[in-house]
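Undergrad:
There are 2 protein chains.
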Amino acid sequence: MAAAIDFYFDFSSPYGYFAATHIEQLAAKYDRDVEWHPILLGPVFKTTGSTPLTEVPMKGDYAFHDFERSARFHRIPYRRPEAFPIPTQAAARAVLWVRSKQGADKASQLAKRIYTAYFVDGINIGEPMRLVEIAQQANIDTTGLADGINSLPIKNQLKAEVDLAMARGVFGSPFVIVDGESFWGFDRFDQLDAFLRDGKI
Amino acid sequence: MAAAIDFYFDFSSPYGYFAATHIEQLAAKYDRDVEWHPILLGPVFKTTGSTPLTEVPMKGDYAFHDFERSARFHRIPYRRPEAFPIPTQAAARAVLWVRSKQGADKASQLAKRIYTAYFVDGINIGEPMRLVEIAQQANIDTTGLADGINSLPIKNQLKAEVDLAMARGVFGSPFVIVDGESFWGFDRFDQLDAFLRDGKI
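Chains as they are written, first to last, in our numbering: chain Z, 4 to 204; chain S, 4 to 204.
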């Protein structure tokens with residue numbers, strides 16, 4: 004099997020969520036695995052001097068409208084969360100903890116479940132107790148999860164993951180790297196598809 | 004005929020150029036006219052607090068790569084201009100002057116020609132004399148054009164056009180407004196197409 008697709012996302016990114024609903028099907032079409040990398044846009048935006056889209060004058064209203072319209076266009080279930088944006092450290096750490104204890108498959112299952120909880124069910128995934136409930140519903144063994152989310156090793160691991168992502172040039176969500184080629188945004192999935200198909204673009 | 008499509012663009016915007024190569028064909032498919040609105044991203048970015056994509060840390064290199072890749076993907080001729088970005092006041096004013104003197108069709112012909120000159124032929128369209136040459140090649144009567152570009156009425160008109168665009172919510176290039184619906188970016192032309200087809204999205 005060819006190299007895995009590195010998929011970077013922040014849990015408060017609607018376009019990251021849209022991408023998460025499509026990435027595995029796209030990867031499977033070309034016999035690729037997906038490595039799920041939850042990151043934090045906060046430190047990334049500090050480096051790039053960016054502001055979250057929805058907080059930029061004029062762009063904010065458009066962005067919320069575009070989230071809903073893009074969801075309809077791509078037939079993705081979506082409900083605007085009441086709390087938005089939210090801190091996503093706990094969610095990212097939960098996924099890293101599950102990955103370290105139970106492997107990548109369980110971790111990606113949890114990631115997808117967290118995204119659905121936030122962008123469909125309106126659950127505030129910034130609260131660690133909600134994350135434990137979400138993990139339980141995804142049939143994940145949550146013994147130690149609540150402590151794990153707050154443990155120093157997992158905190159340090161997330162920091163290192165974000166640093167590594169930035170070192171690889173990741174500056175937004177979703178962000179895909181495969182075979183040395185980078186794609187920013189769900190709206191580049193058409194080009195990603197062509198690249199996976201042809202091996203060039 | 005249904006209402007025209009308002010098409011906003013800055014002449015130094017590669018995505019604006021890509022959109023300019025597609026907008027008329029798309030409009031014709033749904034029996035619409037296009038109103039070409041050259042604007043300036045400078046004052047817009049002052050309002051939104053934005054920085055040109057290519058000047059943002061980390062995003063710059065990606066952006067230049069994405070321009071070339073997107074051009075190949077959409078089979079649009081494109082060569083990275085040596086001078087980039089450039090001031091586009093003169094180009095925008097040239098189009099406004101031609102529109103006021105010779106009508107909208109001549110103005111849109113000139114706009115397309117200016118984009119090609121910059122993004123295919125590598126001509127520095129920031130220089131008024133180059134604009135006169137480009138207009139001549141487009142079979143436009145250029146008597147008075149050089150003076151027109153620097154005339155107060157045309158300068159004021161461009162300011163007013165930019166203010167009006169911002170008042171309508173335009174914050175980037177390309178930006179399309181039709182039947183009250185706004186679309187930012189060449190990568191929303193798939194949704195624009197669906198909206199024109201179905202009257203909703």
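Idealized CB from N, CA, C, for every residue including glycine.
Keep in mind the model is a prediction, meaning the values are calculated, not measured.
Under 9 Å, CB to CB, which of the residues in the region 177 to 204 of chain Z have a partner in chain S?
TA: Going along the region 177 to 204 of chain Z in chain order, one finds 184, 185, 186, 187, 188, 190, 191, 193, 194, 197, 198, 204 with a Cβ nearer than 9 Å to chain S.
Undergrad: Taking residue 165(S) as the query, report the chain Z residues whose CB atoms sit under 8 Å from its CB, ordered along the chain.
TA: Locating residue 165(S) in the second sequence gives position 162, counting from the first residue. The contacting residues do not exist; residue 165(S) stays about 13 Å from chain Z at best.
Undergrad: When DSSP labels each residue in this structure, what does residue 101(Z) get in the three-state scheme?
TA: The residue labelled residue 101(Z) in the question sits at position 98 within the first sequence. In this structure, residue 101(Z) counts as helix in the three-state DSSP scheme.
Undergrad: Within 10 angstroms of its Cβ, does residue 6(S) collect 16 or more other Cβ (buried), or is it exposed?
TA: In the second sequence, residue 6(S) corresponds to position 3, counting from 1. Burial call: exposed.
Undergrad: Who are the neighbours of residue 75(S) on chain Z, taking C-beta pairs under 8 Å?
TA: Within the second sequence, numbered from 1, the residue matching residue 75(S) stands at position 72. Chain Z residues near residue 75(S): 204.
Undergrad: When you compare the CB positions of residue 96(S) and residue 167(S), do they come within less than 8 Å of one another, or not?
TA: Translated into positions along the second sequence, residue 96(S) becomes position 93. Translated into positions along the second sequence, residue 167(S) becomes position 164. No, the Cβ-Cβ distance between residue 96(S) and residue 167(S) is not below 8 Å.
Undergrad: Since residue 51(Z) and residue 181(S) should fall inside the 8 Å C-beta cutoff, what is the C-beta to C-beta distance between them, to a whole number of angstroms?
TA: Within the first sequence, residue 51(Z) is the residue found at index 48, counting from 1. Within the second sequence, residue 181(S) is the residue found at index 178, counting from 1. Rounded, the Cβ-Cβ distance is 32 Å, inconsistent with contact.
Undergrad: Which residue's Cα is closest to the Cα of residue 159(S): 93(S), 105(S), 132(S), 186(S)?
TA: To locate residue 159(S), count along the second sequence from 1; it is residue 156. For the residues 93(S), 105(S), 132(S), 186(S), the minimum Cα distance to residue 159(S) belongs to 93(S).
Undergrad: Below 8 Å between beta carbons: does that hold for residue 11(Z) and residue 40(Z)?
TA: Within the first sequence, numbered from 1, the residue matching residue 11(Z) stands at position 8. Within the first sequence, numbered from 1, the residue matching residue 40(Z) stands at position 37. Yes. Within cutoff.
Undergrad: Which runs of the beta strand (DSSP E) fall wholly inside the region 9 to 92 of chain S and span at least 3 residues, in chain order?
TA: The region 9 to 92 of chain S contains these whole beta strand (DSSP E) runs: 37 to 41.
Undergrad: I need the boundaries of the alpha helix (DSSP H) containing residue 136(S), first residue and last residue.
TA: As a first step, residue 136(S) must be located in the second sequence, where it is residue number 133. 131 to 140 is the span of the alpha helix (DSSP H), which, as asked, contains residue 136(S).
Undergrad: So, for residue 4(S): in the same chain, excluding its five sequence neighbours on each side, which residues have a beta-carbon less than 8 Å away from its beta-carbon?
TA: Here residue 4(S) is taken as the residue at index 1 of the second sequence, counted from 1. Around residue 4(S): 34, 35, 36.
Undergrad: So, helix, strand or coil for residue 117(Z), using DSSP?
TA: Start at 1 with the first residue of the first sequence, and residue 117(Z) comes out as number 114. It is helical.
Undergrad: Taking Cβ positions only, does residue 118(S) come closer than 8 Å to chain Z?
TA: Along the second sequence, one-based indexing puts residue 118(S) at 115. No, its Cβ sits nowhere closer than 8 Å to a Cβ of chain Z.
Undergrad: Name the DSSP bridge partner or partners of residue 181(S)?
TA: Indexing the second sequence from 1 puts residue 181(S) at position 178. DSSP output for residue 181(S) lists 184(S) as bridge partner(s).
Undergrad: Of the residues 53(Z), 61(Z), 72(Z), 127(Z), which one's Cα is nearest the Cα of residue 192(S)?
TA: Residue mapping note: residue 192(S) aligns to position 189 of the second sequence, counting from 1. Ranking the options by Cα distance to residue 192(S), first place goes to 72(Z).
Undergrad: Would you verify that the beta carbon of residue 24(Z) is, or is not, closer than 8 Å to some beta carbon of chain S?
TA: Along the first sequence, one-based indexing puts residue 24(Z) at 21. So, not an interface residue.
Undergrad: Using only the alpha-carbon positions, how far apart do residue 194(S) and residue 155(Z) sit?
TA: On the second sequence, residue 194(S) is found 191 positions in, with the first residue counted as 1. On the first sequence, residue 155(Z) is found 152 positions in, with the first residue counted as 1. Roughly 45 Å separates the two Cα atoms.
Undergrad: Comparing alpha-carbon positions, which option in 187(S), 128(S), 54(S), 66(S) lies nearest residue 152(S)?
TA: The residue labelled residue 152(S) in the question sits at position 149 within the second sequence. If we check each option's Cα against that of residue 152(S), 128(S) comes out closest.
Undergrad: Is the region 24 to 33 of chain S close to the region 20 to 30 of chain Z, with three or more CB pairs under 8 Å?
TA: Contact between the region 24 to 33 of chain S and the region 20 to 30 of chain Z is absent, because fewer than three Cβ pairs lie under 8 Å.
Undergrad: For the alpha helix (DSSP H) containing residue 200(Z), name the first residue and the last one.
TA: By one-based count along the first sequence, residue 200(Z) stands at place 197. Per DSSP, residue 200(Z) belongs to the alpha helix (DSSP H) from 192 to 201.
Undergrad: Return the Cβ separation of residue 185(S) and residue 16(S) in integer angstroms, given the expectation that the two are a contact with Cβ distance under 8 Å.
TA: Taking the second sequence and counting its residues from 1, one reaches residue 185(S) at position 182. Taking the second sequence and counting its residues from 1, one reaches residue 16(S) at position 13. At roughly 16 Å, the Cβ-Cβ gap does not stay under 8 Å, so residue 185(S) and residue 16(S) are not in contact.
Undergrad: Give the residues from the region 50 to 81 of chain S that approach chain Z closer than 8 Å (Cβ to any Cβ), ordered along the chain.
TA: Under the 8 Å Cβ criterion, the region 50 to 81 of chain S contributes 50, 51, 52, 53, 54, 59, 60, 61, 62, 64, 65, 68, 69, 72, 73, 75, 76.
Undergrad: Can you list, in chain order, the residues of its chain with a C-beta nearer than 8 Å to that of residue 143(Z)? Leave out the 5 residues immediately preceding and following it.
TA: Translated into positions along the first sequence, residue 143(Z) becomes position 140. Closer than 8 Å at Cβ, skipping near neighbours: 101, 105, 109, 112, 113.
Undergrad: The alpha helix (DSSP H) with residue 169(S) in it runs from where to where?
TA: The residue you call residue 169(S) lines up with position 166 of the second sequence. It spans 155 to 170 - the alpha helix (DSSP H) in which residue 169(S) sits, taken as one unbroken run.
Undergrad: Specify the secondary structure class of residue 204(Z) as computed by DSSP and reduced to three states.
TA: As a position in the first sequence, residue 204(Z) is number 201, starting the count at 1. If DSSP states are grouped into helix, strand and coil, residue 204(Z) belongs with coil.
Undergrad: By the 10 Å Cβ neighbour count, where 16 or more other Cβ atoms means buried, how is residue 145(S) classified, buried or exposed?
TA: Within the second sequence, residue 145(S) is the residue found at index 142, counting from 1. Classification for residue 145(S): buried.
Undergrad: Does any CB atom of chain Z fall closer than 8 Å to the CB of residue 45(S)?
TA: Your numbering for residue 45(S) matches position 42 in the second sequence. So no, residue 45(S) is outside the interface.
Undergrad: Are residue 62(Z) and residue 56(Z) close, meaning C-beta to C-beta below 8 Å?
TA: The sequence position of residue 62(Z) within the first sequence is 59, counting from 1. The sequence position of residue 56(Z) within the first sequence is 53, counting from 1. Yes; because the gap between Cβ atoms is below 8 Å, this pair is in contact.
Undergrad: Just to check my reading of the structure: residue 67(Z) and residue 81(Z) have Cβ atoms closer than 8 Å, yes? What is that Cβ distance to the nearest angstrom?
TA: Taking the first sequence and counting its residues from 1, the one referred to as residue 67(Z) is at position 64. Taking the first sequence and counting its residues from 1, the one referred to as residue 81(Z) is at position 78. That belief does not hold up - the Cβ atoms of residue 67(Z) and residue 81(Z) are roughly 11 Å apart, past 8 Å.
Undergrad: Please decide whether residue 172(S) counts as near chain Z, where near means a Cβ-Cβ distance under 8 Å.
TA: Taking the second sequence and counting its residues from 1, the one referred to as residue 172(S) is at position 169. Answer yes: the Cβ-Cβ gap between residue 172(S) and chain Z drops below 8 Å somewhere.
Undergrad: Indicate the three-state DSSP secondary structure (helix, strand or coil) for residue 122(Z) in the structure shown.
TA: One-based indexing of the first sequence puts residue 122(Z) at position 119. Helix.
Undergrad: With DSSP as the reference, label residue 174(Z) as helix, strand or coil.
TA: Sequence index remark: in the first sequence, residue 174(Z) carries index 171 (1-based). Here residue 174(Z) sits in coil by DSSP.
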